[in-house]
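Enquirer: Let me give you the structure first, and then I'll get to my questions.
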Amino acid sequence: MLLDYIGGGELFTYMKTETKLENDSAKFYSAQVVLMFESMHAKDVVYRDLKPENLLVTANGYLKLVDFGFAKYCKTRTYTLCGTPEYLAPEILLNKGHGKPVDWWCLGVLIYEMLTGQAPFTDEDPMQVYQKIMKGKIKFLRTFDKYYI
Numbered sequence: 030m031l032l033d034y035i036g037g038g039e040l041f042t043y044m045k046t047e048t049k050l051e052n053d054s055a056k057f058y059s060a061q062v063v064l065m066f067e068s069m070h071a072k073d074v075v076y077r078d079l080k081p082e083n084l085l086v087t088a089n090g091y092l093k094l095v096d097f098g099f100a101k102y103c104k105t106r107t108y109t110l111c112g113t114p115e116y117l118a119p120e121i122l123l124n125k126g127h128g129k130p131v132d133w134w135c136l137g138v139l140i141y142e143m144l145t146g147q148a149p150f151t152d153e154d155p156m157q158v159y160q161k162i163m164k165g166k167i168k169f170l171r172t173f174d175k176y177y178i
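In this text, residue positions in the sequence shown follow the numbering used here: the first is 30, and each later residue adds one.
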């Protein structure tokens with residue numbers, strides 16, 4: 030497989046050097062992901078692996094989505110447990126079937142991480158991460174833009 034050269038690198042690297050992104054940058058990047066998901070979902074494709082490492086920044090600042098290894102054609106539900114632990118939606122963990130909404134969950138996690146510098150559900154033990162996801166308790170910092178909450 031061959032991809033175009035994307036000189037800007039991963040969004041992950043950019044986020045690590047900036048610690049957290051400004052609200053306008055986070056809005057700009059999240060809006061692009063919304064358009065990506067709308068396009069894929071219109072074709073009944075669920076991506077299931079959104080994370081900063083899978084978003085490349087082009088020279089002009091736009092994002093390209095890469096790594097479609099977990100993407101799947103899905104009209105209704107699928108049952109495969111896959112994705113990055115901190116980004117997994119509760120319905121994936123419950124193993125009762127999931128669909129397109131899991132991508133929107135991942136976008137919420139990405140937005141939180143862009144604005145705070147860390148994912149909302151973290152722990153060294155993946156099982157603890159899963160428990161935190163199932164509890165669903167998130168701390169919103171005072172620095173959050175009121176339009177995100």
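Ideal placement from N, C-alpha and C gives every residue a C-beta, glycine not left out.
Give me the Cα-Cα distance between Met-43 and Asn-89, rounded to the nearest whole angstrom.
Expert: It is Tyr, not Met, that sits at residue 43 in the sequence shown. Approximately 14 Å, taken between the alpha carbons.
Enquirer: In angstroms with no decimal places, state the Cα-to-Cα distance between Thr-46 and Glu-39.
Expert: Roughly 11 Å separates the two Cα atoms.
Enquirer: Please state whether the Cβ-Cβ distance between Val-74 and Asn-83 is less than 8 Å.
Expert: Contact: no.
Enquirer: Taking C-beta to C-beta, are Gly-37 and Val-86 nearer than 8 Å?
Expert: Contact flag set, yes.
Enquirer: Counting only the same chain and skipping the five closest in sequence on each side, list residues whose C-beta sits under 6 Å from that of Phe-41.
Expert: The residues are Pro-81, Glu-82.
Enquirer: Locate the beta strand (DSSP E) running through Lys-93, then write down its first and last residues.
Expert: It spans 92 to 94 - the beta strand (DSSP E) in which Lys-93 sits, taken as one unbroken run.
Enquirer: Look at the Cβ atom of Tyr-116, then the Cβ atom of Cys-135, and state whether they are nearer than 8 Å.
Expert: The answer is yes: Cβ separation under 8 Å.
Enquirer: Of the choices Ala-148, Ile-167, Arg-77, Glu-142, whose alpha-carbon is the least far from that of Asn-52?
Expert: Here the closest residue by C-alpha is Glu-142.
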